[in-house]
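Protein chains in written order, with our numbering: chain A, 1 to 157; chain B, 1001 to 1719. No residue lacks a Cβ here, since even glycine has one placed at the ideal position from N, Cα and C.
What follows is the structure, given as structure tokens:
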């Protein structure tokens, strides 16, 4: 029996212990906002938070997170940072196809939790693990600055 | 004067009738969430044509017949309607169109999205659709008030009668308007009165792409659905000789293993079980005739072919004789590899097949073709098959497969088990699954007179035809998609020959964002740079002179050069390169700034892009698409290659098929030329110029000429 707390809700279920967290979220819990892109932690589309840390769920066996608190894209909007990031993504019109954006947003929130005013080099370091085939990188960078500014109480839009 | 246009009443009435049946039924399915809306209302509605539905609650639903794959059609096409409908933008919801002739591409005769055609092909039809609805709503209000319709006007979802200061919302006019005949003629606005078209507008699909709600094909689900992973032959054209599925069937969760045309399908209660089951299969393959194929062998074959005359695509003057006489001439060989589309969402398709119906959920670019092909595989009539188009997690041409490969495979599995099945391709399946941008080898030569004028040009292209053997096969010696961008080069050259060899290789090939232009722009714009250098001229000035009679090329070239500060000094080690190319009705010039490290690694610092795509709809989308095309082209220029050895594709995932990452992103500036010309495309035209612009920048920085993609850092390493 596996127990998870996902987006504040408790789930108990049986699962093959080596099943990646990604497929448990998507298929067992029906939270399809977290995406499959590579299965090898190469693209970051599957990024979620485990106890607040950004983790690649496609290579995380569900048994290794038994009893842990998990946040996915569906739940990130309840935090102040999550909300600010989602809003910045809308203001800067970041997404194109949108498939990688759950991972981008989860990674951006994790960055801003640790560093409330990241510079471009910080953003490069934190965000280079998430591939965007549509090439929205320039807008992602702007949106992270925008989110940081908005939380710092205004600043430029 | 405004244009007056005759609306085809017959077709509007016909599609209006369809709205009540096909559409409502199709979109009231529990699992298909209406785009952006909380839920579909069952209230009565006004549906004057196939593209618009207005509810008594004032909700305006726009039915979009193009697939949203990131290019912004779920915003730009509603903008065309909203401009004429005079609607409150915040009330607009978008739904994907079902398959129906009403939604056919205006030029293709079937439903589909591609070729950067969406905006220009719908430019008139959707504005007419909006104007028709508005005209009817105004008339309904006028009848209600018993006033002259000419004394009423429409604004933000209301009809207003100024003389009596009355207003009524569209929602309250639904019942009355629904009983009216659509008008025969409608007036369209003059462009100077546009309030929506041409102004930046935020995308309608962003909110649901930031909270996990957006539904892609891979996210779809029906009750009782099983998940399928297919093992396909290791060599294109191979077949299963024999197999033992005992161990696979013993994996918990695996339900069945069935043989299908394309391989073996492992059917399970979830992806992980299916995947484990597949790993446990024992298969003996008949590898077929391509078991010894390698890209090094193909390269040798292409280089030999390039020395012989091919099918003539264009001939003017006598380049052969000029080239044999002139003292000053240069020639070169250029080569580019097979490329995978590598959409972030791997291919997938959900099929729910019943004895007399079939429903398909997938992100596709070719709805009619997929529906017809699926129908023939499952033995139903096309009208018994429904396609629900989801968001596409990238398309780039891969989801426009002329053989419907990922759709008919899922249909075959569904037919074998008669249960709802969703086939999910792993990243490795997607990467190794073929339908690549073709590999090309080009031999090119130019002749200069004593004054350095370009007087002869000979360009021989070798590579597989994309259109051959597909429903789009022109059945001609020259596949236009192979020579586009090379045949119609804009440079004024008196003697010119472009010819083509289209060998049959067997590797499945397909259109890849910008198709032929993805390779011809690299060859032409790199070689013209070589010619300029040989003539001792500035590459920008050299192009300008040859483009004197091509104002739109010249316009973007000049704008990009000016904005990039062409000719101004750069930091040490950096070079600037320029390229200009026309594709899909649009003109794009780019100036790239690049440097090369001692280890030979290329860094692109800045790209200035100028685009003339005629009349514009959403300038922010145009900018986004240029940024996107540049990143797409940079990934190919710096890293992209699919190679084969012993018939096997050597790449499998993002470690050996890298894509550009955020830390490598150059600063991109996009400048749009103001134009009244017919709209061109924007999804693809940003791609072609970037590889040559970067290659030319590297030459400017290092003196080393790039004639091979991807750029090989070992050749740029400082000795």
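Test item: CB-CB of residue i and residue j under 9 Å
i: residue 1278 of chain B; j: residue 1235 of chain B; result: no
i: residue 963 of chain B; j: residue 1409 of chain B; result: The shown model of chain B, from 1001 to 1719, leaves out residue 963 of chain B, and the question about it has no answer.
i: residue 1432 of chain B; j: residue 1225 of chain B; result: no
i: residue 1463 of chain B; j: residue 1440 of chain B; result: yes
i: residue 8 of chain A; j: residue 1205 of chain B; result: no
i: residue 1702 of chain B; j: residue 1575 of chain B; result: yes
i: residue 30 of chain A; j: residue 100 of chain A; result: no
i: residue 1058 of chain B; j: residue 1157 of chain B; result: yes
i: residue 32 of chain A; j: residue 1263 of chain B; result: no
i: residue 1507 of chain B; j: residue 1434 of chain B; result: yes
i: residue 1605 of chain B; j: residue 1589 of chain B; result: no
i: residue 1121 of chain B; j: residue 1076 of chain B; result: no
Below-9 Å beta-carbon distance, residue i vs any chain A residue
i: residue 1071 of chain B; result: yes
i: residue 1667 of chain B; result: yes
i: residue 1118 of chain B; result: no
i: residue 1394 of chain B; result: yes
i: residue 1345 of chain B; result: yes
i: residue 1281 of chain B; result: no
i: residue 1628 of chain B; result: yes
i: residue 1253 of chain B; result: yes
i: residue 1590 of chain B; result: no
i: residue 1512 of chain B; result: no
i: residue 1227 of chain B; result: yes
i: residue 1177 of chain B; result: no
i: residue 1216 of chain B; result: yes
Residue-chain proximity (residue i, chain B), Cβ-Cβ < 9 Å
i: residue 40 of chain A; result: yes
i: residue 118 of chain A; result: no
i: residue 57 of chain A; result: no
i: residue 156 of chain A; result: Confidence is the limiting factor: at residue 156 of chain A the pLDDT is only 45, short of 50, which leaves the residue's position unreliable, though a coordinate-based value still follows. With 9 Å as the cut-off, residue 156 of chain A does not count as an interface residue toward chain B.
i: residue 109 of chain A; result: no
i: residue 45 of chain A; result: yes
i: residue 1 of chain A; result: no
i: residue 11 of chain A; result: no
i: residue 122 of chain A; result: no
i: residue 148 of chain A; result: no
i: residue 35 of chain A; result: yes
i: residue 142 of chain A; result: no
i: residue 151 of chain A; result: no
Closest Cα partner of residue i within the set the options
i: residue 1154 of chain B; options: B:1436, B:1138 and B:1103; result: B:1138
i: residue 1560 of chain B; options: B:1044, B:1579, B:1377 and B:1345; result: B:1579
i: residue 1687 of chain B; options: A:3, A:135 and A:129; result: A:135
i: residue 1267 of chain B; options: B:1115, B:1249 and B:1330; result: B:1249
i: residue 84 of chain A; options: A:4, A:106, A:122 and A:70; result: A:106
i: residue 1162 of chain B; options: B:1171, B:1152 and B:1169; result: B:1152
i: residue 1405 of chain B; options: B:1382, B:1370, B:1395 and B:1573; result: B:1370
i: residue 1276 of chain B; options: A:82, A:122 and A:16; result: A:16
i: residue 1672 of chain B; options: B:1663, B:1719, B:1619 and B:1683; result: B:1619
i: residue 1343 of chain B; options: B:1682, B:1654, B:1709 and B:1716; result: B:1654
i: residue 1141 of chain B; options: B:1126, B:1407 and B:1167; result: B:1167
i: residue 1495 of chain B; options: B:1610, B:1322, B:1424 and B:1116; result: B:1322
i: residue 152 of chain A; options: A:117, A:75, A:86 and A:96; result: A:117
i: residue 1238 of chain B; options: B:1647, B:1666 and B:1700; result: B:1647
i: residue 1649 of chain B; options: B:1295, B:1173 and B:1543; result: B:1295
Residue i - DSSP class collapsed to helix/strand/coil
i: residue 1512 of chain B; result: coil
i: residue 1351 of chain B; result: strand
i: residue 1358 of chain B; result: strand
i: residue 18 of chain A; result: coil
i: residue 1107 of chain B; result: coil
i: residue 1035 of chain B; result: Residue confidence for residue 1035 of chain B is low, a pLDDT of 35 falling below 50, so the modelled location carries little weight; the figure read from the coordinates is stated next. Residue state, collapsed to three classes: strand.
i: residue 1062 of chain B; result: strand
i: residue 93 of chain A; result: coil
Cβ distance (whole Å) where residue i is taken to contact residue j below 8 Å
i: residue 1486 of chain B; j: residue 1466 of chain B; result: 15 Å between Cβ atoms; not a contact.
i: residue 1659 of chain B; j: residue 1635 of chain B; result: 5 Å
i: residue 1525 of chain B; j: residue 1581 of chain B; result: 6 Å
i: residue 4 of chain A; j: residue 70 of chain A; result: 6 Å
i: residue 1489 of chain B; j: residue 1455 of chain B; result: In fact, because the Cβ distance is near 14 Å, the residues do not count as touching under 8 Å.
i: residue 1367 of chain B; j: residue 1389 of chain B; result: 6 Å
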